[in-house]
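Please read the structure below before turning to the comments.
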Amino acid sequence: MSSDKYLRVWLQLAKSSKSIEQEMETRFHQRFKQSMSRFDVLSQLYRYSPEGLPMGKVAEQLLASRGNITRLVDRMVNEHLIERSASPLDRRVIQIRITEKGLQLFEEMAQAHADWSHELLGDLTPLEIDQLLHLLKRANSAFKVATEPE
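Going left to right, the sequence shown walks through residues -15 to 134 as this note's numbering numbers them.
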């Protein structure tokens, strides 16, 4: 296959990803006055509820700097969406957990996110969705193989 086709695929992936992300960001702000970053933090903490996660692990999973996560966590703690405390195993480690208020907000946001995803991709048939999902997984696997250190 020509390099031109690979470039066109990459451009379509980038364009689609950016368009969907911008639309979701807009909808989260309009409906919940929250950002995708906040949704992502709540999502991570929801998965690890009730124990929570070390703040560094949240930054790592969200591919964000610790400084950015710290500022975001500070604001979310002030809004009682999450709480932080020293880890009982290592007092140097800050553990963050989702609160009841954060859990309720996350569940509402997650349902809206699922509904919006269906709405935005609703023109695709179930078969096309399955094919797209399969191809995106293959593309992610190929990317990992291509970027792994030897």
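Think of the CB as a built atom: it goes at the ideal place given N, C-alpha and C, for glycine as much as any other residue.
Every value quoted in this text rests on a predicted model; they were computed, and no experiment measured them.
Quick test of your reading: Gly40 and Leu29, contact by CB under 8 Å. State the CB separation rounded to the nearest angstrom. With 8 Å as the limit, Gly40 and Leu29 do not qualify as a contact, their Cβ atoms being about 14 Å apart.
Of the listed residues Leu105, Gly51, Asn52, nearest to Glu5 (C-alpha basis)
Leu105
Met20 to Gln14 span [Cα, whole Å]: Each residue's alpha carbon lies about 12 Å from the other.
For a test of the three-state rule: what should DSSP assign to Gln79, helix, strand or coil? strand
> Is the Cβ-Cβ distance between Arg81 and Glu67 less than 8 Å?
Replying inline: yes
* By how many angstroms is the C-alpha of Ser27 removed from the C-alpha of Leu111? -> 28 Å
Own chain partners of Met93 with C-beta closer than 8 Å, once the 5 adjacent residues on each side are dropped: Phe12, Phe16, Gln18, Phe23, Leu26
For this session: Confirm, please, whether the CB-CB distance from Leu65 to Leu89 is below 8 Å.
Result: yes
Item checked: Which of helix, strand or coil DSSP assigns to Ala130 -> In this structure, Ala130 counts as helix in the three-state DSSP scheme.
- Take Gln79 as the anchor and find which of Lys85, Ser71, Gln115 has the nearest alpha-carbon. Residue Ser71 is the option with its Cα nearest to Gln79.
8 Å contact criterion, which Val42 and Ile53 should meet: CB distance rounded: Their Cβ separation, rounded to whole angstroms, is 6 Å, which keeps Val42 and Ile53 in contact under 8 Å.
**Report entry** Complete beta strand (DSSP E) runs within the segment 52 to 121 (minimum length 3 residues, chain order)
**Finding:** 66 to 70, 78 to 82
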